[in-house]
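If you read the protein sequences in the order shown, they are chains A and B. Counted from 1, the first sequence has number 231 at position 231 by the working numbering; the numbering is strictly sequential. Count along the second sequence from 1, then add 241; that gives the number in the working numbering.
Number of protein chains: 2
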Amino acid sequence: MVLVSPRNPLNIGAVARALANFGFAQLKVVAPFEAHWREARSAVGAPELLAAATETASVADAVADCTLVVGTGTLTYRKPEQPVVSLPNLSPLVERELKRGGRVALVFGPEKHGLTREDLSYCHILVEIPTDPRQPSMNLGQAVAVCLYELSSWASEPEKSEADERPAAPSADLDLLAGVVEEAMLAAGYSPRTMQPANRHDLRLLLRRLSPSKKDARRILGLFRRILWRLNRGTGEADEE
Amino acid sequence: MVLVSPRNPLNIGAVARALANFGFAQLKVVAPFEAHWREARSAVGAPELLAAATETASVADAVADCTLVVGTGTLTYRKPEQPVVSLPNLSPLVERELKRGGRVALVFGPEKHGLTREDLSYCHILVEIPTDPRQPSMNLGQAVAVCLYELSSWASEPEKSEADERPAAPSADLDLLAGVVEEAMLAAGYSPRTMQPANRHDLRLLLRRLSPSKKDARRILGLFRRILWRLNRGTGEADEE
């Protein structure tokens, strides 16, 4: 579970408690407000997993080793750029990913504004808790509890052995690939330099839609490295290879 | 929903919020601590249903008109005197009761000790949230949210499987893309010409594993066309774009 810049120490405590209740152990906190984070960790009866929580500077770092990143939040006021899954339909996706050796992250944004567009661009899918449209915004601790309840219930389900699949490339591999593709785009004059931030954003989303396996990501990386090298060398002679 | 002697105003607020989130309207509060109850009701942004909540002196009064009363709480330290249902199995029972015109109450006890044996004696069944046995005791607001999520989910039963319905690119689009990528591979001297048939085969499989949408396939095609054009032009000058 990844928690981005949580503000309220009570909420941080509630998140940790829900993790413990439903048997999840790992918490990463992105750019927390230090005072609140310290307060939450030192609270009486704070679960061990708060002490063991990892701190990272960015969402990218927090999900670097994850192969399926699930974003959360109210979608009422924004048009999602990723597939949206209703919470009751999330378990099979998570289960399949874990079965094929992947790592899954569930990402929650700050209380007030939720995840930014930039945060969300690291997500493969978004999950929506089905709520009353008149009152869609949930308390952070409660939203976390509901999601973990739903995800923990799959664990108690009898094994459905499914033909296993390739593990997806972790987020860090996609970022590495995106960097090289972006360089190739620039070297090829694919679009004006002013479009670079928008292209980078779109590319991040595109790679997550494609969700290549680790091996395929490496293959594509190899091709783009070669292309980049050739573009930068800037000669048109045919190689004798 | 019946809340017995809640202590923490924040918890009362959280309960009310969860009720609103999941489309439940009715809250009864049994023998509340008056000061805390007043504080919760007057909190900024308190949902309307808190103002509309009914106060009763006893559990008996609160559930007087109910035909199915469901008790909640941690059962680790007591021997239940009623049938115990795991939360995921509760919905069908509630649904059946409502279908036949009954009224259902979900009863939550005070934060510290939960429902008394006396309180429980008004319950037809007990519900248990499946949790990690090492950490079974949930926060009140979170337990309520999880129960209401589970109960509300049956209401939204009509499966809207809106998960990722983007149409994949048809085979012909993939072949078109493969042709351009192959040319780019050759132009970049990616691998010896003798490898071409094997590469073509691998590329065909790779594109089908990625299964891009029609739109994404067109995007990737655009990038490779640009790269190919630049590779074939064979000059290294930067474009003025």
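Where a beta carbon is used, it is the ideal one built from N, C-alpha and C, also for glycine. Fair warning: this is a prediction, and the values are worked out from it, not measured in the lab.
Item, Value
"Residue from A/R200, A/G71, A/L174 and A/K28 with nearest C-alpha to A/L49", "A/K28"
"Within 7 angstroms, strictly: CB atoms of B/L381 and B/N262", "no"
"Span separating the alpha-carbon of B/A284 from that of B/G350", "22 angstroms"
"Identity of the residue in B/E424, B/P324 and B/V256 nearest B/I470 by Cα", "This sequence places Trp at residue 470 of chain B; Ile is not what is there. The option with the nearest alpha carbon to B/W470 is B/E424."
"Through-space distance from B/A301 to A/L90, alpha-carbon basis", "40 angstroms"
"B/L356 and B/G312 closer than 7 angstroms at C-beta", "yes"
"Residue(s) in a DSSP beta bridge with A/A105", "A/V69"
"A/S86 - containing alpha helix (DSSP H), residue span", "Note, A/S86: premise wrong, no alpha helix (DSSP H); beta strand (DSSP E) at V84 to S86."
"As assigned by DSSP and simplified to three states, the class of A/V44", "coil"
"Where A/H113 falls, given that 16 or more other Cβ within 10 Å makes a residue buried", "exposed"
"Buried or exposed by the 16-neighbour rule on C-beta atoms within 10 Å, applied to B/D416", "exposed"
"Beta-carbon proximity of B/V326 to B/I370, cut-off 7 angstroms", "no"
"Residues bridged to A/T54 (per DSSP)", "A/K28"
"Sequence-distant residues of its chain with Cβ nearer than 8 angstroms to A/V15 (five each side left out)", "M1, L3, P6, L27, F108, L140, G141 and V144"
"is_contact[B/D238, chain A] using C-beta, thresh 7 angstroms", "Lying before the first or after the last residue shown, residue 238 of chain B is absent from chain B, which here runs from 242 to 482."
"Interface flag, B/L462 vs chain A, CB-CB below 7 angstroms", "no"
"Contact the segment 438 to 453 of chain B vs the segment 200 to 216 of chain A: 3+ CB pairs below 8 angstroms", "yes"
"Span separating the alpha-carbon of B/N495 from that of A/C66", "A question about residue 495 of chain B goes unanswered here, because the residues of chain B that appear run from 242 up to 482."
"Length of the line joining the Cα atoms of A/L205 and A/M195", "16 angstroms"
"Nearest-angstrom Cα separation, counted from A/D119 out to A/E55", "16 angstroms"
"Nearest to B/A292 (by Cα), restricted to the options B/W278, B/V387, B/P374 and B/A346", "B/W278"
"Neighbour-count burial assignment, A/R193, 16 or more Cβ in a 10 Å radius", "exposed"
"Proximity of A/G13 and A/A31 at Cβ, strictly below 7 angstroms", "no"
"One or two residues paired with B/E369 in a DSSP bridge", "B/S327"
"Backbone secondary structure at A/A64 - three-state DSSP", "coil"
"Proximity below 7 angstroms, CB of A/D132 to CB of B/G264", "yes"
"Assumed close pair A/L221, A/L177 - CB separation to whole angstroms, cut-off 8 angstroms", "5 angstroms"
"Residues near B/G314 in its chain [Cβ-Cβ closer than 7 angstroms; skip 5 each side]", "G350, G355 and L356"
"Chain-ordered residues of the segment 197 to 209 of chain A with a beta carbon less than 9 angstroms from chain B", "D202, L206 and R209"
"Assigned secondary structure, A/L115 (DSSP; H/G/I helix, E/B strand, else coil)", "coil"
"Where the alpha helix (DSSP H) containing A/R200 begins and where it ends", "Q196 to L210"
"Opening and closing residue of the alpha helix (DSSP H) in which B/P250 lies", "P250 to N262"
"Unbroken alpha helix (DSSP H) run spanning A/K215, endpoints", "K214 to R233"
"Beta-carbon separation (whole angstroms), A/G101 vs A/L68, contact threshold 8 angstroms", "Their Cβ separation, rounded to whole angstroms, is 11 angstroms, which puts A/G101 and A/L68 out of contact at 8 angstroms."
"For A/A169, the three-state DSSP class (helix, strand or coil)", "coil"
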